[in-house]
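Protein chains in written order, with the numbering used here: chain D, -5 to 296; chain S, -16 to 287; chain U, 56 to 519.
Ideal Cβ positions, reconstructed from N, Cα and C, are used throughout, including at glycine.
Computed from a predicted structure; not experimentally measured.
Remarks on the structure that follows.
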Amino acid sequence: MQPIADPLLTVDRLTMRFGGLLAINALTFEVGRGQITALIGPNGAGKTTVFNCITGFYQPTGGRMALAHRGPVQEQELAGLTASGRRYDRHACGGLFLLERMQDHEIAAKARVARTFQNIRLFPAMTVLENLIVAQHRELMKASRFSIAGLLGTKGYRAAEEQAVERARHWLEKTGLVDRADEPAGDLPYGAQRRLEIARAMCTQPMLLCLDEPAAGLNPRESADLTRLIRAIRDETGTSVLLIEHDMSVVMEISDHVVVIEYGCKIADGTPEEIKSDANVIAAYLGVEDAETAVAVVEAGA
Amino acid sequence: MDYLIQQVINGLTLGSIYGLIAIGYTMVFGIIGMVNFAHGDVFMLSAFVALIIFLALSQLFGTINLALALLLVLVAGMALTALWAWTIERVAYRPLRGSFRLAPMISAIGMSIFLSNFVQWAQGPNNKPLEMVPTEIITIALGAGSITLSWKQITIMVTTAVLLMALWYLVQKTPLGRAQRACEQDRKMASILGVDVDRTISLTFVIGAALAAVAGLLWMVNYSQVNFADGYVPGVKAFTAAVLGGIGSLQGAVLGGILIGLIETLWSAYFSLAYKDVAALLILIVVLVFMPSGLFGRPDVEKV
Amino acid sequence: MAVDAARPQSHATPPQSPAAPPQTYMSAALPGALKSALLTALVTLGLCFPIVAWETQLDIESRLTLVSWWGYVAAFVAIAFVGRFAYVMWRALPREQRQAIAPRAKLSADVKQRIAIVGLLLLIFFPFISIAAAGTAGSIKWIDNYGTQILIYILLAWGLNIVVGLAGLLDLGYVAFYAVGAYSSALLAKNFGLSFWLCLPLAGIFAAMYGLMIGIPVLRLRGDYLAIVTLAFAEIVQRVAVNWDTVTGGYNGISGIPRPTLFGYSLSPGPDSLPSLLGLAPSPLYRVIFLFYLVLVMALLVNWVATRLRRLPLGRAWEALREDEIACRSLGINTVTTKLSAFATGAFFGGIAGPLFAARQGIVSPSSFVFMESAMILAIVVLGGLGSQLGVAIAAVVMIGGTELLRELGWLKAVFGPEFDPGKYRMLIFGFAMVLLMVVRPRGFITHRDPSITLGGRQTERQA
């Protein structure tokens, strides 16, 4: 296990307690800039809880989550921000954010972290295109001067809207949904809804994209398409990706780095190759919970 | 001092009625997470049912034993009101499970409007006065002064206590109560384990309505009059009681009811009669905004 | 009342062949349908006893007596039996046959636009049509009681539509904004002599401020709690209007509110009024017509703003909020300010309806701002299809205009007796229709939703 040279996100001793239950216990890991990082572990290990902490839906009990838009982060910059009590510093590192201090919508808007949900959360009655336009709400809101310019239909606003539609069209093409742009999102088949959710997250132009089980419920072909899409996102936009996934073939194929957690603690951390041969991981999967997954790990390694 | 004690007794009487209605709100909310907006109107309807049956009995049989008459009215009122609630759940709420977010609430509001206007249509818009229980009072000497206790108040408090014990037994000790608590925790799991969820929900409405019917009769006993619009304000106050006690909690609903009854009586006695409803409304707002889980409720954890 | 006992049987009936005539299905379903209808009739009997069977009435000595209405009970039981029987038989038919007999109507965007244009033209010429049909004296009732009253309801419903239909926030106390607008404008006009044209926006601003004031603590709450708290606030406003009589005039309200003027000229009959300066015969008609157009212009303005907002980022965020609040937050939308903006916008429109109401009545009193009024506006929005501007307008016309119109029909009185008052049935029908609509078509009669934006800017038609 080598330290990542220039992490986008540094999670440091993250702890989350629900009443008497310790869901995450002093978890430390890093998400490399421009990399695909997978967070894996048996059911109930606390993966989604980690996501909810990073994206601000839960207020963590303790620990630090620092995200820097441009690295590498100098130790004193981070220490200074932590001591200052502020939530973020727009000037340090092109934007340095302490996620544990920020609200969910601020994390999405300012720190530019986008996410998808395990149980897809689209706007079902709105069309596919509208879903993608809503994702660009903040920019459009500014361009519409909080609706004043929008009501009057000024040129500036029209241009901004045009640009938003173009960005949406770009991601519709990437996800193969351009033909269904004007249909209600709720009418799409399951696999297309998963892709749409990713496209919607990408329309927020994130620095970090968090995908919660993106391959769940997909058939092998859709799963392969998804793998290509995630890789394209990393390669073409430079967006860093953090994903939770149970399908080990997907994880091992696309990840640059894998973090394994169990009972809220990290048990291993490294490249896919290292993880496959890690004794702790094999024990955790074989011995504790889910024999099928363990077999998948062994097979993927073979 | 005896004025205060007198007011406390009045408050407890009123609070018993609110508590009985509040149980219906809290049970339904506990099991399907819905504010049964029509419950106050079911209560009002039950007061009319009690009134009419009482009148019919006295017309048919002339003067009969008052206790027997009240018991008959109570049983018939509970049964008929329960039938109403069963039908309402069946027609207006059950088809909406799994519909969009606002649908059950809108349906409940529609049902509330329908019920009050239906009773207005059937019974007319005027107040219906009837003394069921004689206004005789018992005077108890207390130090220098004395307090009075009317037969009405005794009837109300005794009935409430007996029925609450019966309810407690039903929920804690019978298979129905177990099924109810199972549905409350996880409806899908309960149905997999063989609990008839639809039947359990129906029965929850029926029990809630039966208790509202008791409250309806006691309302008639206490105020000696009823009006088609009387479902609304007591309904809101009973809902306040349920929220104050912690929605989903039975003992919370009873305690909340008694608290609301006391607050209302004391507020009217010492502060302002004109704004007596405002006190309950303010409590409702303050509790919902600042302590939505009430006194005994579980905190609501957001599921992402 | 529907009982589902027979539904399993009717589904279990084997469909002989897809082309089988309706009779085959019907005869198979007959026993089940009869049983179910009988059960429904029995339940109905239980429901009607004793609440319909005996009416309590006060006799001359003010003692309650019972008056029997068993005829009504029999009628209800019969209706329940026949209705349930017909419904089960109908359900027994395969879907294709049902659709062949009664195809579902679909409204395309094209048709909707045509309805809207025709409706608008009708509204613009409504005063002249009324005068032509009922003469100068007879038309006042039509223009004022039908035209202006319905338009005020449409305006209110369009305002509430933003809150409930677009943003999905169930507001049961909308009438409070209306009340704040009406009272603030009445007080400003009476105490400070402000003109109507200044009171109108001020009323909106006061209502919006009140909306923000209650919205900030309340909008964090979950949906049904929000509904109850808005109701509680509206009740408090009404109680204050009743009890704070030094300012509000108590139950009597505030009367003698100055009528609106046009460029400083009065339109009421009088020496300096605009009609008399123009040499027209004195008549209250001018004021009524002026008010009608004033309300029409305001309503169209509200509609324009609402329609326009829906196609802007703010309006889209409102709709997204209705669909999924958590997803909104994950996209960087501040849900609290977005909800507040919807609440305040709706409140503003409710507020400006207040002075218009005051201008029509010349008086504001607490009895105009009770819960039933909120319920009525909500019912119009729900029946109009939650979010559809045209649907809401049609619902207001049908529900308010329809019940008013029933009063005009003399033969109804001949049939139902001289005391028959259709206005009494209005809320009964509203309540019933709300339940029915939620059960049958929860997204409203007009289910088509126009996308706020389409790819390449072209409008395409799709069924929502």
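Checklist entry - How would you call Lys156/S, buried or exposed, if buried means at least 16 neighbouring beta carbons within 10 angstroms? => result exposed
Item to check | Three-state secondary structure assigned by DSSP to Ser217/D | outcome: helix
Checklist entry - Are at least three pairs of beta-carbons, each pair with one atom in the stretch 109 to 118 of chain D and one in the stretch 205 to 219 of chain D, less than 8 Å apart? => result yes
Next on the checklist: Between Ser141/D and chain U, is any beta-carbon pair separated by less than 8 Å?
Outcome noted: yes
Checklist entry - Considering only residues of the stretch 132 to 219 of chain D, which uninterrupted alpha helix (DSSP H) runs meet the minimum length of 4 residues and lie entirely inside it, listed in chain order? => result 142 to 146, 149 to 169, 184 to 196
Item to check | Val132/U - containing alpha helix (DSSP H), residue span | outcome: 125 to 147
Checklist entry - If you draw a straight line from the alpha carbon of Met56/U to that of Val11/S, how long is it in whole angstroms? => result Its pLDDT being 41, under 50, Met56/U is placed unreliably by the model, and nothing is read from it.
Item to check | Neighbour list for Asp260/S in chain U, Cβ cutoff strictly below 9 Å | outcome: Glu290, Ile291, Arg294
Next on the checklist: DSSP three-state label for Arg64/D, please.
Outcome noted: coil
Checklist entry - Counting only beta-carbon atoms, is Asn205/S nearer than 8 Å to chain U? => result no
Checklist entry - With respect to the beta strand (DSSP E) encompassing Trp109/U, which residues constitute its N-terminal and C-terminal limits? => result 109 to 113
Checklist entry - Taking C-beta to C-beta, are Gly220/U and Val436/U nearer than 8 Å? => result yes
Checklist entry - Of all the residues that make up the stretch 388 to 421 of chain U, which are near chain D by a beta-carbon distance shorter than 8 Å? => result Ile388, Asn389, Thr390
Checklist entry - Around the Cβ of Ala(-1)/D, are there at least 16 other Cβ atoms within 10 angstroms (buried) or fewer (exposed)? => result exposed
Next on the checklist: Is Glu374/U close to chain D? Criterion is C-beta to C-beta, closer than 8 Å.
Outcome noted: yes
Checklist entry - When the Cβ atoms of the stretch 69 to 82 of chain D are set against those of the stretch 131 to 139 of chain D, are three or more pairs found closer than 8 Å? => result no
Checklist entry - If you draw a straight line from the C-alpha of Tyr320/U to the C-alpha of Arg415/U, how long is it? => result 17 Å
Item to check | Contact set for Met10/D: own chain, Cβ-Cβ below 7 Å, skip 5 residues either direction | outcome: Ala17, Ile18, Thr43, Cys47, Tyr52, Pro54, Thr55
Next on the checklist: Rounded to the nearest angstrom, what separates Ala137/D and Gly150/D at their Cα positions?
Outcome noted: 7 Å
Checklist entry - Taking the continuous beta strand (DSSP E) assigned at Lys260/D, which residues delimit it? => result 259 to 264
Checklist entry - So, is Asn307/U buried or exposed, given that buried needs 16 or more other C-beta atoms within 10 angstroms? => result exposed
Checklist entry - What residue ranges within the stretch 16 to 50 of chain D form continuous alpha helix (DSSP H) runs of no fewer than 4 residues, ordered along the chain? => result 41 to 48
Next on the checklist: So that I know if they touch, is there some Cβ in chain U lying closer than 8 Å to that of Ile48/D?
Outcome noted: no
Checklist entry - Who are the near neighbours of Thr515/U in its chain, counting only those whose CB is closer than 8 Å to its CB and skipping five residues on each side? => result Bear in mind that a pLDDT of 40 at Thr515/U, under 50, signals an unreliable position, so the model cannot answer this.
Checklist entry - Thinking just about the alpha-carbon of each residue, which of Val350/U, Leu276/U, Glu374/U is nearest to the one in Phe273/S? => result Leu276/U
Next on the checklist: Does any residue of chain D have a CB that is nearer than 8 Å to the CB of Pro506/U?
Outcome noted: yes
Checklist entry - Between the stretch 293 to 322 of chain U and chain S, which residues of the former have a C-beta closer than 7 Å to a C-beta of the latter? => result Arg294, Asn298
Checklist entry - Are the C-beta atoms of Thr509/U and some chain D residue less than 8 Å apart? => result yes
Checklist entry - Counting only beta-carbon atoms, is Ile4/S nearer than 8 Å to chain U? => result no
Checklist entry - What are the residues of the stretch 166 to 200 of chain U that lie near chain D, defined by any Cβ-Cβ distance shorter than 8 Å? => result none
Item to check | Neighbour list for Arg225/D in chain U, Cβ cutoff strictly below 8 Å | outcome: Under the 8 Å cutoff, chain U gives no residues; its nearest Cβ is about 23 Å from Arg225/D.
Item to check | Option nearest Asp250/D by Cα separation, candidates Glu24/D, Thr4/D, Leu8/D | outcome: Glu24/D
Item to check | Cβ pair Ile184/S, Ile6/S closer than 8 Å | outcome: no
Next on the checklist: If I measure Cβ to Cβ from Lys135/S and keep anything under 6 Å in the same chain, skipping five residues before and after, which residues do I get?
Outcome noted: Val116, Val204, Asn205
Checklist entry - Could you give the residue range of the beta strand (DSSP E) that holds Leu227/U? => result Segment: none, Leu227/U is in no beta strand (DSSP E) and carries neither H nor E.
Checklist entry - For the beta strand (DSSP E) that contains Met88/S, what are its first and last residues? => result It is not in any beta strand (DSSP E) - Met88/S instead sits in the alpha helix (DSSP H) that spans 86 to 106.
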